[in-house]
Ligand code: A2P
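Now the structure itself:
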């Protein structure tokens, strides 16, 4: 199956390295370590999610590992992402610690959380983490076009994912196009605008037209573009609701209305502000 293609069941996308990333994942940014995180992960897996996204910076990898084990879903069936915290020095040493906290032998995807200190310095360590079998795929997060191009100019093993803030309100069209051209799958974090977009009149109107919820419309907008998406919730019923996005489609008119919500001017940047400076 070719790069960027979606698998027959419509639920996963083929990455440039041949691995498959489920289009829907559970994100656990801002979920405190402990029962809240353990339950969210366990519920998601019980409800059919097969993709969990965490990071060293979130401080909840141990709980993610516990939720994974408690779910009873075999490790090999779950796509697990963690992210290198770029205030640290060594991606290999840090992923070894992640694996210990998670209680797994490898992660499916290991990404540089943001381009602190420049877009290229950490990449050899990321490549090494892959070579050592600690990560099946490697990628980046919060890289704009300029940073992506600099990285791809020096990489031996290309990045296969760029995870960025992305939704109809943050429709970074120029960044999406550059990723597509480079064979990098753009992955959407904060697809609900951390909850802010759920009250949108436009999204609500489209949701009513389909007998769906605003969250489902915002997530479907990504899925229709084959963009992996990782909504966060710690409520079982919302985790379930967010998974019901493979049994309806948005019309061209819906998509046009949603596209028009963009407030970034179709930017090629990943971020409006660099928080680590
Ligand atoms: P909670 O975790 O309390 O359920 P994003 O994925 O864009 O970061 O958005 C996450 C925010 O949206 C969280 O505050 C989460 O709240 C809320 N949320 C997630 N799914 C839903 C849903 N289906 N309905 C309403 N709010 C939701």
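Residue numbers (the numbering used here): 103 to 379.
Note that beta-carbon positions come from the ideal geometry of N, C-alpha and C, so glycine has one too.
8 Å contact criterion, which residue i and residue j should meet: CB distance rounded
i           : j           : result
residue 235 : residue 194 : With a Cβ gap of about 11 Å, residue 235 and residue 194 do not count as contacting.
residue 243 : residue 259 : Between residue 259 and residue 243 the Cβ distance is about 17 Å, and since that is not below 8 Å, they are no contact.
residue 125 : residue 115 : 6 Å
residue 167 : residue 203 : 6 Å
residue 135 : residue 169 : No, residue 135 and residue 169 are not in contact; Cβ-Cβ is about 11 Å, not under 8 Å.
residue 290 : residue 269 : 7 Å
residue 187 : residue 198 : Between residue 198 and residue 187 the Cβ distance is about 13 Å, and since that is not below 8 Å, they are no contact.
Assigned exposure category for residue i - 16 Cβ within 10 Å defines buried
i           : result
residue 176 : exposed
residue 221 : buried
residue 217 : buried
residue 376 : exposed
residue 337 : exposed
residue 311 : exposed
residue 287 : buried
residue 111 : exposed
residue 323 : buried
residue 132 : exposed
residue 229 : buried
residue 156 : buried
Alpha helix (DSSP H) segment containing residue i, residue limits
i           : result
residue 339 : 338–345
residue 253 : 247–256
residue 376 : Counting along the chain, residue 376 falls outside any alpha helix (DSSP H), and DSSP gives it neither H nor E.
residue 196 : 193–204
residue 308 : 303–312
residue 172 : 163–173
residue 277 : 275–284
residue 231 : 225–233
Inter-residue Cα distance where the pair is residue i and residue j
i           : j           : result
residue 316 : residue 308 : 8 Å
residue 108 : residue 282 : 14 Å
residue 130 : residue 240 : 19 Å
residue 163 : residue 349 : 32 Å
residue 191 : residue 219 : 10 Å
residue 370 : residue 250 : 10 Å
residue 383 : residue 137 : In the structure displayed, the chain extends from 103 to 379; residue 383 sits before or after that span and is not available.
residue 279 : residue 247 : 9 Å
residue 237 : residue 276 : 29 Å
residue 343 : residue 325 : 15 Å
residue 374 : residue 366 : 8 Å
residue 141 : residue 360 : 33 Å
residue 272 : residue 364 : 5 Å
residue 152 : residue 145 : 11 Å
residue 362 : residue 305 : 11 Å
Residue i - containing beta strand (DSSP E), residue span
i           : result
residue 265 : 263–267
residue 122 : 122–124
residue 209 : 209–214
residue 76  : An answer regarding residue 76 cannot be provided, because it is not within the stretch 103 to 379 covered by the chain.
residue 238 : 237–243
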